[in-house]
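Enquirer: To start, I am sharing the structure in question, which I have written as structure tokens.
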Amino acid sequence: MLRLSWFRAVVLIPVFLISLLNAQNQSPQSIPNPLGNGLLAMTINHSYTHLDTNDPNSSLHGTVVVGIALSDGIVLAGDSRLTQETFPQARVISDRGSKVFGVGKFGVATYGDAFLQKRTIASWIDDFRAEVKPSDDIDVFADRFAKFFRDVYTKGHPASGVQPILGFLMAGYDSQGKGKLLVVEFPKSTTPQLSADTQDKQGIQWNGQTDVIQRLVMGFDPAIGALPAFNSLTVDEQKSLGTQLPRLQYNIAWNALRTA
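Residues in the sequence shown are numbered consecutively from 116, following the working numbering.
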């Protein structure tokens, strides 16, 4: 079975904890706070390390969501601030928004667009709950969830107009007892992609406005690609630098960490 635990960290990150308790006849147990003061949620991402050549100030996101797959469980975390982009700065709508959800025995975290068809993402997730079946594993759940939101997203943002980013991290266990962390991000992808799991691919997935996280953990800001000094390099020199920068990354042994 799965132990679900919610708390608000000192950095205002509500966390949905899925602990590996799905072994046969294993009883639930008390799970201590795996994130301490909440900063552990802001760690490394192997999937999204890149050189971003866009102006780092050209787009406002605000949201940070993180998923961590360890050997004994999965953690989802996200901030609770809702903002509205109003030039030249973002307007804070609320500091108590819901971005991390328990949906049956699964966890979902959302980032990007906060509204679809003039409704909150939370209200759409409530509509989806009726489609979740007790027999679903994470693969079935993720496919059905992605299809549901693909239809809603396409209706609200047709291809002929502006299509803002809307992404989801999904966590849960498959029929073989493997915990999985999957991600889907509209409009660029419409099917869930495996990011990490509890057996063969422990690690972290982060999304949203993650420049601060990447500076702390990766050792550099991916927006380095926007600097004139970088662009003055030859193509070969840029590629060479791009292959060397990841060496600054902290070496975190995800397969050795525990959620409790």
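C-beta: ideal position from N, C-alpha, C; glycine also.
Are the beta-carbon atoms of Leu281 and Val180 separated by less than 7 Å?
Expert: Locating residue 281 in the sequence shown gives position 166, where the first residue counts as 1. Locating residue 180 in the sequence shown gives position 65, where the first residue counts as 1. For Leu281 and Val180, no; Cβs fall outside 7 Å.
Enquirer: Determine the direct distance from the alpha carbon of Glu300 to that of Pro279, and round the result to whole angstroms.
Expert: Along the sequence shown, read from residue 1 onward, the residue named residue 279 stands at position 164. Along the sequence shown, read from residue 1 onward, the residue named residue 300 stands at position 185. Approximately 10 Å between the Cα atoms of the pair.
Enquirer: Would you tell me roughly how many angstroms separate the C-alpha atoms of Ser238 and Gln359, rounded to the nearest one?
Expert: In the sequence shown, counting from the first residue as 1, residue 238 sits at position 123. In the sequence shown, counting from the first residue as 1, residue 359 sits at position 244. Roughly 44 Å between the two C-alpha positions.
Enquirer: Count the other CB atoms, across all protein chains shown, that sit within 10 Å of the CB of Ser355; report buried if there are 16 or more and exposed otherwise.
Expert: Here residue 355 refers to the residue found at position 240 of the sequence shown. Exposed, by the Cβ-count rule.
Enquirer: Spell out a yes or no on whether the stretch 308-319 and the stretch 177-196 are touching, meaning 3 or more CB-CB pairs, one atom from each, closer than 8 Å.
Expert: Touching, per the Cβ criterion.
Enquirer: What number of angstroms, rounded off, separates the C-alpha of Asp210 from the C-alpha of Ile236?
Expert: Within the sequence shown, numbered from 1, the residue matching residue 210 stands at position 95. Within the sequence shown, numbered from 1, the residue matching residue 236 stands at position 121. The alpha-carbon atoms of Asp210 and Ile236 are separated by roughly 16 Å.
Enquirer: Who does Asp312 pair with in a DSSP beta bridge?
Expert: Residue mapping note: residue 312 aligns to position 197 of the sequence shown, counting from 1. DSSP output for Asp312 lists Lys295 as bridge partner(s).
Enquirer: Measure the beta-carbon distance from Ala257 to Pro302 and round it to whole angstroms, keeping in mind my assumption that it falls under 8 Å.
Expert: Counted from its first residue, the sequence shown places residue 257 at position 142. Counted from its first residue, the sequence shown places residue 302 at position 187. No, Ala257 and Pro302 are not in contact; Cβ-Cβ is about 18 Å, not under 8 Å.
Enquirer: Between Gln329 and Pro337, what straight-line distance do the alpha-carbon atoms span, to the nearest angstrom?
Expert: Here residue 329 corresponds to residue number 214 of the sequence shown, with the count starting at 1. Here residue 337 corresponds to residue number 222 of the sequence shown, with the count starting at 1. Taking the straight line from one Cα to the other gives about 7 Å.
Enquirer: Report back the beta-carbon spacing between Gly212 and Leu197 to the nearest angstrom; my notes put them in contact at under 8 Å.
Expert: The residue labelled residue 212 in the question sits at position 97 within the sequence shown. The residue labelled residue 197 in the question sits at position 82 within the sequence shown. Yes, they are in contact, since the Cβ atoms of Gly212 and Leu197 sit about 4 Å apart, within 8 Å.
Enquirer: Given a threshold of 16 other Cβ atoms within 10 Å of its Cβ, counted over all protein chains shown, does Asp351 qualify as buried or as exposed?
Expert: If you number the sequence shown from 1, residue 351 lands on position 236. When all chains shown are included, Asp351 counts as exposed.
Enquirer: Do Tyr226 and Thr269 have their C-beta atoms closer together than 7 Å?
Expert: As a working note, residue 226 is residue 111 in the sequence shown. As a working note, residue 269 is residue 154 in the sequence shown. No, Cβ-Cβ distance for Tyr226 and Thr269 is not below 7 Å.
Enquirer: With distances taken from CA atoms, which of Ala229, Gly188, Lys220, Gly222 is nearest Ser94?
Expert: What is shown of the chain runs 116 to 375, which leaves residue 94 out entirely.
Enquirer: Can you give me the Cβ contacts of Gln232 inside the same chain, cut-off strictly under 8 Å, excluding the 5 residues immediately before and after it?
Expert: Locating residue 232 in the sequence shown gives position 117, counting from the first residue. These residues qualify, in order along the chain: Val267, Lys270, Gly271.
Enquirer: Say the cut is 6 Å; is the CB of Thr374 nearer than that to a heavy atom of the ligand GDP?
Expert: Within the structure as shown, the ligand GDP is missing, as the structure has no ligands at all.
Enquirer: Whole angstroms is fine: what's the gap from Tyr288's alpha carbon to Lys248's?
Expert: Walking along the sequence shown from the start, residue 288 turns up at place 173. Walking along the sequence shown from the start, residue 248 turns up at place 133. Distance between the alpha carbons of Tyr288 and Lys248 is about 14 Å.
Enquirer: Based on Cα-Cα distance, which residue from Asp252, Gly294, Phe221 lies nearest to Gly188?
Expert: Start at 1 with the first residue of the sequence shown, and residue 188 comes out as number 73. The shortest C-alpha separation from Gly188 is found at Gly294.
Enquirer: Report yes if the C-beta distance between Ser310 and Val298 is below 7 Å; otherwise report no.
Expert: Sequence index remark: in the sequence shown, residue 310 carries index 195 (1-based). Sequence index remark: in the sequence shown, residue 298 carries index 183 (1-based). Yes, the Cβ-Cβ distance between Ser310 and Val298 is below 7 Å.
Enquirer: Spatial neighbours of Trp121 within its chain, please: CB distance less than 6 Å, with the 5 preceding and 5 following residues excluded, ordered by chain position.
Expert: For the purposes of this step, residue 121 is taken as residue 6 along the sequence shown, with counting starting at 1. Residue placement at Trp121 is poorly supported in this model, since its pLDDT is 36, which falls under 50; the coordinates still yield a value, given next. Counting only Cβ-Cβ distances below 6 Å, and skipping sequence neighbours, we find nothing.
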